[in-house]
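Colleague: As you go down the protein sequences, you meet chains A and B in turn. Going by our numbering, the first sequence opens with residue 1, and the numbers climb by one from there. Going by our numbering, the second sequence opens with residue 459, and the numbers climb by one from there. Beta carbons are placed, not taken as given, at the ideal position from N, Cα and C, and that holds for glycine.
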Amino acid sequence: MHKIILIIKREYLTRVRKKSFLVMTILGPLLMAAIVVVPIFMATRGNEMKTVAVIDQTGFFFEKFKDTDNIKFHYLVSDIASAKANFRKSGDYALLFIPRTEVSIPTNAILYAEGSVSISIKSYIRNVMTKQVEDMKLEAKLKDLQTDKKNPVNVEDILRSVKTTIDVNTIKITDEGKEEKSYTEINMVLGMFAGIMIYFFIFMFGSQVMRGVIEEKTSRIIEVIISSVKPFELMMGKIVGVGMVGLTQFLLWVVLTFGIVTVVTSTFTGKGVNRQTAEQSIVQNAAKYNPDNLPLPDTASAKKVQNEGVNQVFEALDSVNFPVMIGAFVFFFLFGYLMYGALFAAIGGAVDSEADTQQFMLPITVPLILSIVMMQLFIQDPTGQTAFWFSVFPLTSPVAMMIRIPFGVPYWQVALSMGLLILSFLGTTWMAAKIYRTGILMYGKKVNYRELWKWLRY
Amino acid sequence: MELFSAFNISKQFSGHKALDKVSISIPEGSIFGLLGPNGAGKTTFIRIINQIIAPDEGQLFFNGRELKPNDIYNIGYLPEERGLYKKMTVGEQSMYLAQLKGLSKHEAQKRLLYWFEKFEMRSWWNKKIEELSKGMQQKVQFLITIIHEPKLLIFDEPFSGFDPINASMLKDEIIAQKDKGATVIFSTHNMASVEELCDHIALINNANVVLDGPVRGIKKTYKTNTFEISCNNYQGELGAILPSAFTIIKEWTDHDLRMASIRIPDGASPNQLISALLPNVTLHSFSELIPSMNDIFIRVVTENKSEPVLQA
Chain A
1 MHKIILIIKR EYLTRVRKKS FLVMTILGPL LMAAIVVVPI FMATRGNEMK TVAVIDQTGF
61 FFEKFKDTDN IKFHYLVSDI ASAKANFRKS GDYALLFIPR TEVSIPTNAI LYAEGSVSIS
121 IKSYIRNVMT KQVEDMKLEA KLKDLQTDKK NPVNVEDILR SVKTTIDVNT IKITDEGKEE
181 KSYTEINMVL GMFAGIMIYF FIFMFGSQVM RGVIEEKTSR IIEVIISSVK PFELMMGKIV
241 GVGMVGLTQF LLWVVLTFGI VTVVTSTFTG KGVNRQTAEQ SIVQNAAKYN PDNLPLPDTA
301 SAKKVQNEGV NQVFEALDSV NFPVMIGAFV FFFLFGYLMY GALFAAIGGA VDSEADTQQF
361 MLPITVPLIL SIVMMQLFIQ DPTGQTAFWF SVFPLTSPVA MMIRIPFGVP YWQVALSMGL
421 LILSFLGTTW MAAKIYRTGI LMYGKKVNYR ELWKWLRY
Chain B
459 MELFSAFNIS KQFSGHKALD KVSISIPEGS IFGLLGPNGA GKTTFIRIIN QIIAPDEGQL
519 FFNGRELKPN DIYNIGYLPE ERGLYKKMTV GEQSMYLAQL KGLSKHEAQK RLLYWFEKFE
579 MRSWWNKKIE ELSKGMQQKV QFLITIIHEP KLLIFDEPFS GFDPINASML KDEIIAQKDK
639 GATVIFSTHN MASVEELCDH IALINNANVV LDGPVRGIKK TYKTNTFEIS CNNYQGELGA
699 ILPSAFTIIK EWTDHDLRMA SIRIPDGASP NQLISALLPN VTLHSFSELI PSMNDIFIRV
759 VTENKSEPVL QA
């Protein structure tokens, strides 16, 4: 055990100290930040002209929605049911419905659309409504003050009581006329992100394991080392060590990306800096979705900053089952890597140089690449047959399952997929250890599949 | 007392027999030469001793009991195919390998510094391996092999890559290790160094031990009762003055001396040769021709391929 820790330490330290590690650590977040920032940026600047139909049962918002450069509003007098029925024919981009409320002040609105509604439109509507409601509240307050002059005026109190949060919920009108609350975008982004992360991680660090093994073979240090440790210890030490390098890099990326995104979005929007952490926002949202759906007059909303785009994202994040998502990610991330790491190590052991790896790389890379290629299909039909089989087959499940998870997967499927992955992790490691053990002592021998098969049976 | 012995070791690699019931005993405190042509199975045998691979059958004993996994801490191995991490510094690398051999960090550092000082390598500590010459790398490798002061040292072609100065330094160090009580297994094709260093040898050919024993004994077995003489003051044929049972193998002149190598029959005494010569020539030198390990190696490998094991 002591020795395997020594091995892990060496594998880790020699890699973390490399210049390439530093470069990747810096380049990665820049790339990822670009992926995150650009859509937000685009969403706030979308310049296609869109029309939004408005049904306002409260009557408070008549003529309040002013047309902008890219949004046109028109008011409907029909009832909501027929408006919804006609929506698909109308050619409108979205249908805004502000229901009559029991309490005098409206606090929510529903936005019907065929697809998902752009963040900029949603936030524009929200801003208009918030301003209107706040104006109304303030007016009422001022009237109160005029009639009741005994109490001293506390401006802060007034402002606080006026503060309003408006919920704009998006509901998707599907082809069949069914309605479903839509957070598809965010599910899709999360699933894709998680899947791609796992894909990259396995590829990048799996091939680092392979290169490490080849390096030990070509530099001929391997025999010196395995006279002190068992080949299996060396192999696992290398896989774990490299995996930890990957986790370190990943963690640095997350931290740095978050930093860059925060800085960049605040510069872009110019609406003041969004200093909310995800945690704060989630707490806030939890409060916002309280059962009574009452307006929040409290400090959380007072502190709320105006970066709507980011807030919307956080709001949608709320619909994802995060404990499951994170748990699954960690699991598939680790076991997927460990399984592939063993396979990569076996390849490294079997060949003499990187040029010889091609023929053995193919069966490993094909399932991985395939699961990325099929991504679109999984997203379109997350519960379909293809998605199911891909997310259960161990060589594709780490990527495929992660794409599916945000859409909701039955627990038995997740359990089956995890079970199979663990089994095949054990199986591949056992196999890889056999190939590795024999291969590392073979120099200058062209190895083919028949040869590998022999090694398995030694 | 034997430090290490192998009994009936066999190992097969998919259809090809690398070792076939090989038995070898290595006396404690000896330098044991493990010889054999390429592909004879030496490296396989050494890897079995190091527990890098397991034999198909047979038993291994270390220090009087069965060989255990932990015995690798008592073995130092310098493989023929050897190298170091090119991008790692000498110091870090040495520390790592020494610790893998079971030394504590503190102990590893202490011993390494002692040896680096002794071999005048102190300035290499922070250099990367790729910055060192091949000979320098070999020195580092040698040092790592002995750093944990093992009871059994195994050197596979240790002199390859060394210049004569460093080779002689290495030779002295191997002898010094032996004097300190270590037992050395020494595998090489360099017969001169076998002659110089080894007490015992085993010759492996075609997966079998074909020759095994103390170097002196082996040489005695393989000597052919041949003597080399140099003389002058004789004009006629040498054959005319020698008894017919004596064979002249070769005759030549070296400046003004007549030289010859003569084989005497089994059971005859060298004195008979001298007494036959003395009345007719002025004898300048007389010596027995002892076969070199090189000759024995070649003879055994080429002639005795199918013959049973010769015990000396």
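(1) Would Trp455(A) pass as a contact of Gly439(A) if the rule is Cβ separation under 8 Å?
(2) What does the Cβ neighbour count give for Tyr337(A), buried or exposed, with the cut at 16 atoms within 10 Å?
(3) Three Cβ pairs or more, each shorter than 8 Å: is that satisfied between the segment 731 to 743 of chain B and the segment 655 to 675 of chain B?
(4) Can you check which of these residues, Asn729(B), Arg716(B) and Ile489(B), is closest to Pro701(B) by C-alpha distance?
(5) In three-state DSSP terms, what is Thr164(A)?
(6) Met402(A) lies in the alpha helix (DSSP H); which residues open and close that run?
(7) Please work out which residues of its chain come closer than 7 Å, Cβ to Cβ, to Asp621(B), disregarding the five sequence neighbours upstream and downstream, and give them in chain order.
(8) For Phe203(A), which option in Leu395(A), Ser424(A) and Ile8(A) has the closest C-alpha, if you only look at C-alpha atoms?
(9) Since Thr705(B) is in the beta strand (DSSP E), which residue starts that stretch and which ends it?
(10) Going along chain B, which residues have a C-beta under 8 Å from Thr14(A)?
(11) Would you tell me roughly how many angstroms separate the C-alpha atoms of Ile504(B) and Ile602(B), rounded to the nearest one?
(12) At a Cβ cut of 9 Å, what residues of the segment 520 to 545 of chain B count as close to chain A, listed as they run along the chain?
(13) Extract the residue ranges of the beta strand (DSSP E) inside the segment 718 to 748 of chain B, only unbroken runs of 3 or more that lie entirely within it.
(14) Report the rounded CA-to-CA distance for Asp637(B) versus Leu655(B), giving the unit in angstroms.
(15) By the DSSP assignment, the alpha helix (DSSP H) with Val668(B) in it spans what residues?
(16) Determine the direct distance from the alpha carbon of Ser552(B) to that of Phe574(B), and round the result to whole angstroms.
(17) Going along the chain, which residues of its own chain have a beta-carbon closer than 6 Å to the beta-carbon of Leu256(A), five neighbours each way excluded?
(18) Ignore the nearest five residues each way along the sequence and tell me which others in Gln635(B)'s own chain have a CB closer than 7 Å to its CB.
(19) Name the one or two DSSP bridge partners that Tyr75(A) has.
(20) Quick one: give me the first and last residue of the beta strand (DSSP E) that His474(B) is part of.
(21) Could you tell me if Trp582(B) is buried or exposed, where buried requires 16 or more neighbouring beta carbons within 10 angstroms of its beta carbon?
(22) Please state whether the Cβ-Cβ distance between Phe378(A) and Arg404(A) is less than 8 Å.
(23) Compare the C-alpha of Ile756(B) against each of Phe465(B), Ala476(B) and Pro495(B) and name the closest.
(24) By how many angstroms is the C-alpha of Asp167(A) removed from the C-alpha of Pro295(A)?
(25) Could you tell me the alpha carbon to alpha carbon distance between Val240(A) and Ile8(A), rounded to whole angstroms?
(26) Spatial neighbours of Lys3(A) within its chain, please: C-beta separation below 7 Å, excluding the five flanking residues on both sides.
(27) Taking Cβ positions, are Thr265(A) and Val37(A) nearer each other than 8 Å?
(28) Measuring only between beta-carbons, confirm whether Leu463(A) sits less than 8 Å from chain B.
(29) Would you report the Cα separation of Lys163(A) and Phe331(A), rounded to the nearest angstrom?
(30) With a threshold of 8 Å between beta carbons, is Val447(A) in contact with chain B?
(31) Can the beta-carbon of Ser219(A) be found closer than 8 Å to that of Tyr531(B)?
(32) Take Asp724(B) and list the residues in its own chain whose beta-carbon comes closer than 8 Å to its own, dropping the five residues that flank it on each side.
(33) On the DSSP letters alone, give me the boundaries of the beta strand (DSSP E) that His2(A) sits inside.
(34) Quick one: is Ser281(A) buried, meaning 16 or more other Cβ sit within 10 Å of its Cβ, or exposed?
(35) Span of the alpha helix (DSSP H) holding Leu370(A)?
(36) Less than 6 Å between C-beta atoms, sequence neighbours within five positions excluded: which residues of the same chain meet that for Gly246(A)?
Modeller: Quick look at the numbers:
(1) The residue given as residue 455(A) occupies position 455 in the first sequence. The residue given as residue 439(A) occupies position 439 in the first sequence. Yes, these two residues count as a Cβ contact at 8 Å.
(2) Taking the first sequence and counting its residues from 1, the one referred to as residue 337(A) is at position 337. When all chains shown are included, Tyr337(A) counts as buried.
(3) no
(4) Counting from one through the second sequence, the residue named residue 701(B) turns up at place 243. Cα-wise, what sits closest to Pro701(B) is Asn729(B).
(5) Here the question's residue 164(A) lines up with position 164 in the first sequence. Three-state result, Thr164(A): coil.
(6) Translated into the one-based positions of the first sequence, residue 402(A) becomes position 402. Met402(A) -> alpha helix (DSSP H) spans Ser397 to Arg404.
(7) Taking the first residue of the second sequence as 1, we reach residue 621(B) at position 163. Around Asp621(B), the same chain offers Gly593 as residues with beta carbons nearer than 7 Å, after the five sequence neighbours per side are excluded.
(8) As a position in the first sequence, residue 203(A) is number 203, starting the count at 1. Of Leu395(A), Ser424(A) and Ile8(A), the residue nearest in Cα terms is Leu395(A).
(9) Here residue 705(B) refers to the residue found at position 247 of the second sequence. Thr705 to Asp712 is the extent of the beta strand (DSSP E) around Thr705(B).
(10) Counted from its first residue, the first sequence places residue 14(A) at position 14. In chain order: Tyr543, Lys545 and Met546.
(11) As a working note, residue 504(B) is residue 46 in the second sequence. As a working note, residue 602(B) is residue 144 in the second sequence. Taking the straight line joining both Cα atoms gives about 18 Å.
(12) Pro527, Ile530, Tyr531, Ile533, Gly534, Tyr535, Leu536, Pro537, Glu538, Glu539, Arg540, Gly541, Leu542, Tyr543, Lys544 and Lys545
(13) 740 to 746
(14) Within the second sequence, residue 637(B) is the residue found at index 179, counting from 1. Within the second sequence, residue 655(B) is the residue found at index 197, counting from 1. When rounded, the distance between both Cα atoms is 12 Å.
(15) Taking the second sequence and counting its residues from 1, one reaches residue 668(B) at position 210. That residue, Val668(B), is in no alpha helix (DSSP H); its beta strand (DSSP E) goes Asn666 to Pro672.
(16) Reading the second sequence from its first residue, position 116 is the one you call residue 574(B). Reading the second sequence from its first residue, position 94 is the one you call residue 552(B). So the two alpha carbons sit approximately 10 Å from each other.
(17) In the first sequence, counting from the first residue as 1, residue 256(A) sits at position 256. Excluding residues within five positions, the ones whose Cβ falls inside 6 Å are Pro29.
(18) Residue mapping note: residue 635(B) aligns to position 177 of the second sequence, counting from 1. For Gln635(B), where only same-chain residues beyond five positions count, the Cβ hits under 7 Å are Ile604, Leu611 and Val642.
(19) Translated into the one-based positions of the first sequence, residue 75(A) becomes position 75. In the DSSP output, where bridge partners are listed per residue, Tyr75(A) has Val54(A).
(20) Counting from 1 along the second sequence, the entry for residue 474(B) is found at position 16. His474(B): member of the beta strand (DSSP E) spanning His474 to Pro485, first to last residue.
(21) Along the second sequence, one-based indexing puts residue 582(B) at 124. So Trp582(B) ends up on the buried side.
(22) For the purposes of this step, residue 378(A) is taken as the residue at position 378 of the first sequence. For the purposes of this step, residue 404(A) is taken as the residue at position 404 of the first sequence. In this structure, Arg404(A) lies closer than 8 Å to Phe378(A) by Cβ.
(23) Walking along the second sequence from the start, residue 756(B) turns up at place 298. Checked all of Phe465(B), Ala476(B) and Pro495(B); the closest Cα to Ile756(B) is Pro495(B).
(24) The residue given as residue 295(A) occupies position 295 in the first sequence. The residue given as residue 167(A) occupies position 167 in the first sequence. Confidence at Pro295(A) is low in this model, with a pLDDT of 42, below 50, so the placement of that residue is unreliable and no value is reported for it.
(25) In the first sequence, counting from the first residue as 1, residue 240(A) sits at position 240. In the first sequence, counting from the first residue as 1, residue 8(A) sits at position 8. Each residue's alpha carbon lies about 6 Å from the other.
(26) Position 3 of the first sequence, counted from the first residue, corresponds to residue 3(A). The residues are Val229 and Glu233.
(27) The residue you call residue 265(A) lines up with position 265 of the first sequence. The residue you call residue 37(A) lines up with position 37 of the first sequence. Yes. Within cutoff.
(28) Nothing in the structure corresponds to residue 463(A), since chain A is present only between 1 and 458.
(29) Here the question's residue 163(A) lines up with position 163 in the first sequence. Here the question's residue 331(A) lines up with position 331 in the first sequence. Approximately 43 Å, taken between the alpha carbons.
(30) Position 447 of the first sequence, counting from 1, holds the residue named residue 447(A). False, the Cβ-Cβ gap to chain B never drops below 8 Å.
(31) Indexing the first sequence from 1 puts residue 219(A) at position 219. Indexing the second sequence from 1 puts residue 531(B) at position 73. Contact: no.
(32) Here residue 724(B) refers to the residue found at position 266 of the second sequence. Cβ neighbours of Asp724(B) beyond the five flanking positions: Asn683.
(33) Position 2 of the first sequence, counted from the start, is the residue given in the question as residue 2(A). From DSSP, His2(A) is part of no beta strand (DSSP E) but of the alpha helix (DSSP H) over His2 to Val16.
(34) The residue given as residue 281(A) occupies position 281 in the first sequence. Low confidence applies to Ser281(A): its pLDDT is 46, below 50, so where it sits in the model is not reliable, and the reading given next is rough at best. Classification for Ser281(A): buried.
(35) In the first sequence, the residue the question calls residue 370(A) occupies position 370. Note, Leu370(A): alpha helix (DSSP H), Gln358 to Val373.
(36) What you label residue 246(A) is simply residue 246 of the first sequence in a count that begins at 1. Hits under 6 Å: Phe201 and Phe205.
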